[in-house]
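Undergrad: According to the numbering used here, the residues represented by the sequence shown are 321 to 650, in order. C-beta atoms are modelled at their ideal positions from N, C-alpha and C, and glycine is treated no differently.
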Amino acid sequence: MSALTIQANDISIEKAAQLIRAGGLVAFPTETVYGLGANALNAAAVAKIFEAKGRPEFNPLITHFLSAEDVEAHAVMSEEAQKLAHNFWPGALTMILPRKSDSEISDLVSAGLPTIAVRVPAHKTARLLLKQAGVPIAAPSANASGKISPTAPAHVAESIGENIELILADGVCEIGLESTVIDLTAKTPVILRPGSVTPEQISDVMGQEIFVDDATKIRNPKSPGQVLKHYAPSRPMRLDIRELHRGEALLAFGSIKFIGVKGGGAAKDLPEEMVRNLSEKGDLYEAASNLFSMLRELDQKKYKAIAAMQIPDEGIGMAINDRLRRAAEK
Ligand code: TXA
Ligand code: MG
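Here's what the structure looks like:
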């Protein structure tokens, strides 16, 4: 089998919705990254996701809904959860909530945990798909397990196209980084995965300090997706570089005027193909949206490694650094 890629429109979205209802897999766009979707109520369909990604079964999935009201049928929404929903949904925020005991969402989605990850996406095509399908859609990022998340339809085709039926194509994802994951099931809320919704924004809404579990320091991750080796290019990576080594490709941020090459030379004189700039003007949002596609472009055997310049560790920059540290993990 090899996936059919079709441009999203009313007809193709209806076809995709039918496929979801019938227990099939559909890759679809969200504002963060492309997801690989299945009917969350159908265990056999959900099992196909794990197979298509080659993902360890203990790793639970995010379930996507059309609205917070739809979420409430399956998860317990505290006052805090309601507040966050009100402020950030639809959008790039995933909440881990206690699962309702009578929820018919497949246990496989939660990987047996008493909790469930829920998100109401904002992307127009994702919303139409959810509406037409009429069921919650479980969807991890549509890439092979442990590889870079897809921000364009071609990335999906390349990574797991052989294993799925349909790719609903709708251009490049606006945000380009996976959603912020916040766990609301502990005594104090904890961000398990940084994203475009920042700890500061969440703190403002909740009126309390929000902790970020730094996945790069945790030995016993609570969220299985916190395992370090996750967003991995096949080339080794070097971070926070001030100087480039020979044979390395450069992942730049801002001006490269002062980046030299060890042994002589300057980065600005390298062939164009060896350099990708996440954002020449130093805009962190632009950098986030370019991160995964540029990592892919530089991930070539002919380079010894990918060397990344320093990214300011603030706002969405924290999320970028989180992905870079994971990518650099051996
Ligand atoms: O932007 C996104 O979040 C994309 C789009 C498609 O929605 N999805 C995505 O899914 O990135 P995935 O499966 O690649 O990452 C989901 C993360 C994983 O780290 C997983 O371990 C964690 O959420 N997760 C899911 N359910 C959980 C639960 N019940 N408790 C703790 N962590 C959970
Ligand atoms: Mg993923």
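Can you find a heavy atom of the ligand TXA that lies under 7 Å from the Cβ of Arg646?
TA: As a position in the sequence shown, residue 646 is number 326, starting the count at 1. Not so, every heavy atom of the ligand TXA lies at least 7 Å from the Cβ.
Undergrad: What span of residues does the beta strand (DSSP E) with Leu417 cover, start to end?
TA: Looking up residue 417 in the sequence shown gives position 97. Its beta strand (DSSP E) spans residues 413-418.
Undergrad: Thinking just about the alpha-carbon of each residue, which of Gly357, Thr383, Lys403 is nearest to the one in Val476?
TA: As a working mapping, residue 476 is identified with position 156 in the sequence shown. Closest option to Val476, Cα to Cα, is Gly357.
Undergrad: Taking only three categories from DSSP, how would you classify His475?
TA: Start at 1 with the first residue of the sequence shown, and residue 475 comes out as number 155. Three-state DSSP puts His475 in a helix.
Undergrad: Taking all protein chains shown into account, do 16 or more other C-beta atoms lie within 10 angstroms of the C-beta of His565, making it buried, or fewer, making it exposed?
TA: By one-based count along the sequence shown, residue 565 stands at place 245. Under this definition His565 is an exposed residue.
Undergrad: By the three-class DSSP mapping on this structure, what secondary structure does Asn540 have?
TA: Residue mapping note: residue 540 aligns to position 220 of the sequence shown, counting from 1. Note that Asn540 scores 49 on pLDDT, short of 50, meaning its location in the model is unreliable; the coordinates nonetheless yield the value given after this. Here Asn540 sits in coil by DSSP.
Undergrad: Val353 and Thr508: beta carbons closer than 8 Å?
TA: Position 33 of the sequence shown, counted from the start, is the residue given in the question as residue 353. Position 188 of the sequence shown, counted from the start, is the residue given in the question as residue 508. Cβ distance not < 8 Å, so Val353 and Thr508 don't count as in contact.
Undergrad: What residues in its chain sit with their C-beta under 6 Å from that of Pro455, if we drop five residues either side in the sequence?
TA: As a position in the sequence shown, residue 455 is number 135, starting the count at 1. Before going further, note that residue 455 is Val rather than Pro in the sequence given. Contacts found: Asn359, Leu361.
Undergrad: Excluding the 5 residues preceding and the 5 following Ala639 in the sequence, name in chain order all residues of the same chain whose CB lies nearer than 7 Å to its CB.
TA: In the sequence shown, residue 639 corresponds to position 319, counting from 1. Same-chain partners within the cutoff: Leu497, Pro514, Gly515, Ser516, Ala608.
Undergrad: For Ala364 and Val595, what's the separation of their Cα atoms in angstroms?
TA: What you label residue 364 is simply residue 44 of the sequence shown in a count that begins at 1. What you label residue 595 is simply residue 275 of the sequence shown in a count that begins at 1. Approximately 44 Å, taken between the alpha carbons.
Undergrad: Helix or strand or just coil, what does DSSP make of Ile522?
TA: By 1-based counting over the sequence shown, the position of residue 522 is 202. Ile522: helix per DSSP, three-state reduction.
Undergrad: Alpha carbon to alpha carbon, what distance is there between Ile480 and Ala459?
TA: Here residue 459 is taken as the residue at index 139 of the sequence shown, counted from 1. Here residue 480 is taken as the residue at index 160 of the sequence shown, counted from 1. Using only the alpha carbons, I get a separation of about 14 Å.
Undergrad: For the beta strand (DSSP E) containing Leu324, name the first residue and the last one.
TA: Residue 324 sits at position 4 when you count from the first residue of the sequence shown. Residues 324-327.
Undergrad: Hey, is Ser523 close to the ligand MG, as in C-beta under 7 Å from one of its heavy atoms?
TA: The count along the sequence shown starts at 1 and reaches residue 523 at position 203. Checking the Cβ of Ser523 against the ligand MG gives no.
Undergrad: Check whether the Cβ of Thr435 sits closer than 7 Å to any heavy atom of the ligand TXA, and report yes or no.
TA: Residue numbering aside, residue 435 sits at position 115 when the sequence shown is read from its first letter. Within the cutoff, so yes.
Undergrad: The beta strand (DSSP E) spanning Arg596 covers which residue range?
TA: Numbered from its first residue, the sequence shown carries residue 596 at position 276. From DSSP, the beta strand (DSSP E) with Arg596 extends over 595-597.
Undergrad: On the DSSP bridge assignment, give the partners of Ala572 in chain order.
TA: The count along the sequence shown starts at 1 and reaches residue 572 at position 252. Answer by DSSP bridge pairing, in chain order: Asn597.
Undergrad: Quick one: residues in its chain with C-beta nearer than 6 Å to the C-beta of Ile631, no 5 flanking neighbours on either side, listed in chain order?
TA: Locating residue 631 in the sequence shown gives position 311, where the first residue counts as 1. Closer than 6 Å at the Cβ level, and outside the excluded window around Ile631, lie Phe573, Gly637, Ile640, Asn641.
Undergrad: Please state whether DSSP places His406 in a helix, a strand or coil.
TA: In the sequence shown, residue 406 corresponds to position 86, counting from 1. DSSP places His406 in helix when its eight states are reduced to three.
Undergrad: Any heavy atom of the ligand TXA inside 7 Å of the beta-carbon of Pro460?
TA: As a first step, residue 460 is located in the sequence shown; it is residue number 140 there, counting from the start. Answer for Pro460: yes, Cβ within range of the ligand TXA.
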